[in-house]
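Undergrad: Residue numbers (this note's numbering): -16 to 118. Backbone N, C-alpha and C fix where the C-beta goes; we use that ideal spot for every residue, glycine too.
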Amino acid sequence: MNLVDKIKKHEGYKSTVYQCTEGFDTIGYGFAIKDLELSKEICDIILLEKLNKLQFDISNKFDWFEESPDLVKDVVTEMCYQIGITGFSKFKKTIYYLETEQYEEASLECLDSLWAKQTPNRAKELSKQLASVAN
-16 MNLVDKIKKH
-6 EGYKSTVYQC
4 TEGFDTIGYG
14 FAIKDLELSK
24 EICDIILLEK
34 LNKLQFDISN
44 KFDWFEESPD
54 LVKDVVTEMC
64 YQIGITGFSK
74 FKKTIYYLET
84 EQYEEASLEC
94 LDSLWAKQTP
104 NRAKELSKQL
114 ASVAN
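(1) Express the C-alpha separation of N35 and E88 in angstroms, rounding to a whole number.
(2) How about T77 and E61: do their beta carbons lie closer than 9 Å?
(3) Identify the residues that DSSP records as bridge partners of G133: which are they?
(4) Going by other Cβ atoms of all chains shown within 10 Å of its Cβ, with 16 needed for buried, is C26 buried or exposed?
(5) Name the residue from F48, E24, K(-9) whose alpha carbon lies nearest to the alpha carbon of F14.
(6) V(-13) to G(-5), Cα distance in whole Å?
(7) Going by CA-CA distance only, name the one from L54, S22, V59 that's closest to F39.
(8) Counting only the same chain and skipping the five closest in sequence on each side, list residues whose C-beta sits under 6 Å from that of Q2.
(9) With 9 Å as the threshold, decide whether the Cβ of C26 is near any Cβ in chain D.
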């Protein structure tokens, strides 16, 4: 058994954060988060994994998502990435407009929110992207 396999065997693998025997938040094969440094390349891989899972989860929650134009899917995915699917689910009117392909209305409706007040630049940019689908 090589070194990597030995460490994997003894540390075990956990995909979510847990507390090790010393009380430190840990993930993976005993990676203490306080000591963890991630390269940009690793973060890119993690981001892609998260986005793939997120889009799968969005598709399961909203039956209209899969058939939406790519730009709409991108906007919804980015919103869900930032505020979670549960947070996005509170945008009832925006979701209705997206589902009924009223993208101009959806673009305006999403700006009438706490989210838009908290992150105005991002909200305006995503709203413009939705409005562009309508044209």
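TA: So, from the listed chains and residues:
(1) Across the structure, E88 and N35 are spaced so that their CA atoms are roughly 28 Å apart.
(2) If you check the CB distance, T77 and E61 do not come in under 9 Å.
(3) For the chain, the structure presents residues -16 to 118; residue 133 sits outside this window and is missing.
(4) C26 comes out exposed.
(5) Nearest of F48, E24, K(-9) to F14, Cα basis: K(-9).
(6) Distance between the alpha carbons of V(-13) and G(-5) is about 11 Å.
(7) Minimum Cα distance to F39 is reached at V59.
(8) If you ignore the 5 residues before and after Q2, its C-beta comes within less than 6 Å of no other C-beta in its own chain.
(9) Included in the structure is just one protein chain, with no chain D present.
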